[in-house]
Structures are given as C-alpha cells and as structure tokens.
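For the sequence shown, the positions run 933 to 1445 when my numbering is used. Below: one structure, written as structure tokens.
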Amino acid sequence: MAFTGYHMGRVAFATLVAIFVAGANAIDIFLEWNVALDNTIQPVCLKQPVITINGKFPGPLINTTTNDFVHVNVFNNMEEPLRFTWNGIQQRLNSWHDGVSGTNCPILPGKNWTYVFQTKDQIGSFFYFPSINFHKAAGSFGPIQAEFDLLIGDWIFDSYNVSALKIYSWSLIMEDKQMAFQAIPDIILINGKGPYGHPLSKSYEFYSVTKGKTYRFRISNVGTALSFNFRIQNHQMVIVGTEGSCTNQITLDSLDVHVGQSYSVLVTADQNEVDYYIVATPKLINNTGSRNLDGVAVLHYSNSITNVSGPLPTGPDPFDLEFSVNQAKSIRWNMTAGAARPNPQGTFNVTNVTLSQTFILQNSVAEIQGHPRYVVNNVSYLTTNTPLKLADYLNNGLGWIELVFKNHLDFMDSWHFDGFGFYVVGFGNGEWTEESCKTYNLLDPVVRSTVQLYPGGWSAVYAFLDNQGMWNLRSQNLKNWYLGQELYLRVHDDDPNPAKERPPPQNLLRCGN
C-alpha cells in the first residue's frame, strides 16, 4: 500500500509513521474505536456537535500494508445507529464488511461490532467515513495509510441533524422539480482545522519541511459537496498515485480533487526558507466577498523566521471546465510501475477486453410520490430495513462491464464503486453515443474507485466483476446520496469456494426481516 524510496520528514500536529515495502506476508491489525458525539471539539469558533473516534477529529490513522487484515471493533456511544465504510479499499472476497445500507445492518446505540477487511493487492491513499444519513458532515472520517495527510473538505456550520432536515424539507417544498438543489457549505477545513487567518478559526494546520528534501503528501477530498483545486505557493507537485494505483509522474502547479478522491503527490522543498500558503479553493462557485471558502494551511521551512503574508496564490479559473477535463485526461496509469502483485501494473490493461454489457446511468432530479428526489435513470434508492446482501442471492455472472455516468445536473458530481477499482477510459460533453467510444483512452487509463462527473457531461469507466459480493455504486455528493442516488450490484458465482467470497461472519448483525 506504500511507495518507498522518498524521504519522510516530521509533521507538526500530524502523526507520521514509517512505511515498509509491501510484502507477501500478511499481518493482523486490531483496532478499538469508541465513537461518540462531542460538543467540546470545535473546528471553528461555533458550538456544534462533532462525531469523534477515541476523542479525535479527524479520526485515527489506519496504518496498513498490502495484504494485511484489519479488524476494527467499533463501540457506538451515540444515541443513534452507526455504520462505517472504507473509501477505495476493495475488500477482496468480503463485502459483508463494506459498511453501507445494502450490505450491513447498523451498529445500534450502546452496542459494538467488529469490521474485518483485507487490503489485498492494493497501494495508494484511502480514507474512511460514516455512511448513515448526514454523519459524514459531522466528522468521524480519517486516513488509511500514513505520511503528510491532508484531509480536506467542506464543512457546514449547522449540526448534521439540522443539515439533513434542511435537505429533506427542500425535497418537500421545492417548486421547480427539475432544478437541482445545491446547498453551499460554509467553510473548508484541512485536517479538521479552520483556514489560516479566518476570523472563526481556532487553529490551523501546518507542515514543517527541511530545505532540499522531498515529501509525499496524501490529499483526500473528504467533503460533502465541493470539488476543490489544491496548490502550494511557489512549489510544484509531482503526482505519483491515485486512491488505487501508481500514475505516470507529471508535474503540476495545481490539482483538482473531487469529492471522494485521493491523490499522492511529491513536493520538494526547493524554495527560499520562509513560510508558504497551502490552499484549497472550491470549484464552480463564486468564491468572493463574504462567501470566501478558501481552505488555507501553512508549509513551514524548519529554519524559517518569516510568516506567510500577502495574497493567496492564484489558481485556475474555478469555472474553467476545459482545464479540469484536460488535467483529468492527462492523469494516466504507469504501465511499468510495480504493483501489489509481483508484476507490473501494465499487465492489466483494457486494450483488448470484451465487454459483456454497457450500462448508461443518468443523474437527474425527478418527482417521486409528489416530492423531488435525486435519481439514476429515474429511479431513486430507498434504504431497506433488511440489507440487500442478506436478502438477495441473484445470479449475475462475471465479466467486463462498461459504466457510462451522464450528469444532467448543473453542478459537479462524483461516483464511487465499492469493492472495485475501475479504469477511467473517457470524459465528454453532451450526450454519450457509441461514437464516443472512439475517444476513449484504452492504452493506459488510470485505475481508481471514484470518478468525477462534469455538469452536462459524461464519464465512462470499465470494471471487471471479479470480486464476488453485493457492492454499492453511489454518488459521493452527500445530499445526492441521502436523497436516493445510489444502487447495488450483485456479483455472484455458484461456486461456494470461500476463496472467492467468504461466508457471513459468525457475529453477523441482523435487522429488518
């Protein structure tokens, strides 16, 4: 799960742990989490409840290497049900622990349950978060892996329950059923801390570096709604990985990161020994005046005696979709890099695959029972009392599928596929047709688990259904997910061999029917 060969320094207010070369020998990692609602931790100078893990916000690091088995015993000390999902971890053979409504019953108040998953055949940057209602808007997310983690995301000043109520109320009263609703968050946090210089910030994040050394930063968008552009003043970054694969190393001045996505970048401390701004600015909104949503941290040179000052470094036009699409297309798989398996990534390409089926999934808003909901192909998901995995054993077979996501909404969206890394083969504007396939990159498409959808555009991915189980396919935009924009894919094999899918755990939670 880790790159090696680069210097790792110390980080202020963040824990840096050692990384080791991925090996064939798996180990068991046992963690115990106490999850509670805390009214004393304040990311900004406002009173609001924050969901903490072992008293921390963000939650503790899960430091794991390829093939490890991770056991997380979660004690729910809240007064409502709780469930966690592991963003980007493919959980080979074991969707019983995926932590979404179609696969797991929730952990009831005062109870505990142990999630078990294996980080099999994986490298990259990942994170976890709670998957019920609007819990993610209240915290309890954290990093999976190590180093200079930047968990960056939008934050809402309302409590998570009030935010959910507002979204639900909108679905009852909205007059224009075809107009997508977008609630603009109030601030951008970096590692649970407010922006440097913001009047409501109690503290800010900073990273200490030594001149001449190179550091790896893991950047994750843990927010609920907004894509952002990330940059470090006067420094370039070399992208080396997404949430699931090594990429060709390209040098960038700034990087667009969409909701649910993660990147690994290398930054060399090669500038004058003063302090510099680290900035995350939102995409596709007017970020001026009183509604300033800049997330700001500080890159501190160890010998610096000069604080940051002056205006923030400028980035690309937040409404320039052409810049964002072209950058996304330039991020490609490194075909010669070593993988978690003992062979290069390029062993697994999609140049000559045979697709068994193409699914076109269209995002939009539709009226259902008199109220607007977010839909996929005019269908909105309703959480069932019994998880689908407990109730459904349909036979769908294995093979390659193509997923085309069409965004009919007027804002950015992101879609995530639990249990799989998919090949991002194409982006386009307007309607997708068979002719669109001619624009695909089938030579070295990057592999990841979350793909962005541009307003009025489409994104196409290939996925190989080799991971048995019931897997969640969803919008990463929290309000879309909350109002029905998700579905489940059942990958079934008649062979009961536990090497293909493990049987239900003995401590399986039961609910509903």
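Glycine residues also receive a C-beta, built at the ideal position from the N, C-alpha and C atoms. Computed from a prediction, not measured in an experiment: that's the story for all the values here.
Asked, Found
"State the DSSP-derived secondary structure class of asparagine 1412, mapped to helix, strand or coil.", "helix"
"Leaving out five residues before and five after lysine 988 in sequence, what residues of the same chain have Cβ atoms less than 6 Å from its Cβ?", "none"
"Could you tell me which of Ile1119, Leu1132, Trp1018, Asn1008 sits nearest to leucine 978, measuring between CA atoms?", "Leu1132"
"Between leucine 1198 and lysine 1215, what straight-line distance do the alpha-carbon atoms span, to the nearest angstrom?", "23 Å"
"State buried or exposed for glycine 1056, treating a residue as buried only when at least 16 other CB atoms are found within 10 Å of its CB.", "buried"
"Relative to the C-alpha of asparagine 966, which candidate in Phe1007, Asp1345, Ile1076 has its C-alpha closest?", "Phe1007"
"Do isoleucine 1182 and glycine 1155 count as a contact pair if the criterion is CB distance below 9 Å?", "no"
"For chain D, is any of its Cβ atoms less than 9 Å away from the one on histidine 1303?", "Absence of chain D from the displayed structure is noted, only one protein chain being present."
"Please report how far the alpha carbon of asparagine 1399 lies from the alpha carbon of glycine 1351, in whole angstroms.", "7 Å"
"What is the residue span of the alpha helix (DSSP H) that lysine 1261 lies within?", "1253–1262"
"Here's a check: name, in chain order, each residue in its chain whose Cβ is nearer than 8 Å to the Cβ of histidine 1003, leaving out the five neighbours to either side.", "Asp960, Ile961, Phe962, Leu963, Thr1046, Tyr1047, Val1048"
"Taking C-beta to C-beta, are proline 1436 and tryptophan 1028 nearer than 9 Å?", "yes"
"Taking the beta strand (DSSP E) that leucine 978 belongs to, which residues open and close that run?", "Taken as a continuous stretch (DSSP letters only), leucine 978 belongs to no beta strand (DSSP E), as it is neither H nor E."
"Starting from isoleucine 994, trace the beta strand (DSSP E) in both directions and tell me its first and last residue.", "Neither: isoleucine 994 is in no beta strand (DSSP E) and is coded neither H nor E."
"Should asparagine 971 go down as buried or exposed, given a rule of 16 or more other Cβ atoms within 10 Å for buried?", "exposed"
"Just to check my reading of the structure: lysine 1143 and alanine 1201 have Cβ atoms closer than 8 Å, yes? What is that Cβ distance to the nearest angstrom?", "5 Å"
"Let's see if you can read the secondary structure: which residues bound the beta strand (DSSP E) around tyrosine 1208?", "1208–1214"
"Quick one: give me the first and last residue of the beta strand (DSSP E) that glutamine 1384 is part of.", "1382–1385"
"Taking just the CA atoms, how far does isoleucine 1171 sit from isoleucine 1300?", "43 Å"
"Counting only runs that start and end within the region 1109–1170, where is the alpha helix (DSSP H) found for 4 or more residues in a row?", "none"
"From Thr1290, Leu1014, Gly1358, Val1378, pick the residue whose C-alpha is nearest to that of lysine 1370; which is it?", "Gly1358"
"What is the DSSP secondary structure of valine 1094, reduced to helix, strand or coil?", "helix"
"Please determine, among Tyr1386, Leu1014, Tyr1313, the residue with the shortest C-alpha to C-alpha distance to phenylalanine 1337.", "Tyr1386"
"Between valine 1285 and tyrosine 1394, which are expected to be in contact by the criterion C-beta below 8 Å, what is the C-beta distance as a whole number of angstroms?", "7 Å"
"Under a Cβ-count criterion, where at least 16 other Cβ atoms within 10 Å of its own Cβ denotes burial, should leucine 1287 be classed as buried or exposed?", "exposed"
"Considering only the alpha carbon of each residue, which of Asn1281, Ala1157, Pro1013 lies closest to leucine 1375?", "Asn1281"
"Ordered along the chain, which non-local residues of its own chain (more than five positions away) have a Cβ less than 7 Å from that of aspartate 1118?", "Trp1087, Ile1088, Phe1089"
"Assign tryptophan 1390 to one of three DSSP states: helix, strand, or coil.", "strand"
"Put threonine 1200 into one of helix, strand or coil per three-state DSSP.", "strand"
"With DSSP as the reference, label lysine 1338 as helix, strand or coil.", "strand"
"Using the C-alpha atoms, what's the distance from lysine 1145 back to asparagine 1339?", "42 Å"
"Quick check on glutamate 1366: buried or exposed, where buried means 16 or more other Cβ atoms within 10 Å of its Cβ?", "exposed"
"The beta strand (DSSP E) spanning methionine 1491 covers which residue range?", "Nothing can be reported for residue 1491, as the shown portion of the chain is limited to 933 through 1445."
"Taking all protein chains shown into account, decide if glutamate 1334 is buried (16 or more other Cβ within 10 angstroms of its Cβ) or exposed.", "buried"
"Helix, strand or coil for alanine 1269 per DSSP?", "coil"
"Roughly how many angstroms lie between the CA atoms of glutamine 1408 and glycine 1020, to the nearest whole one?", "12 Å"
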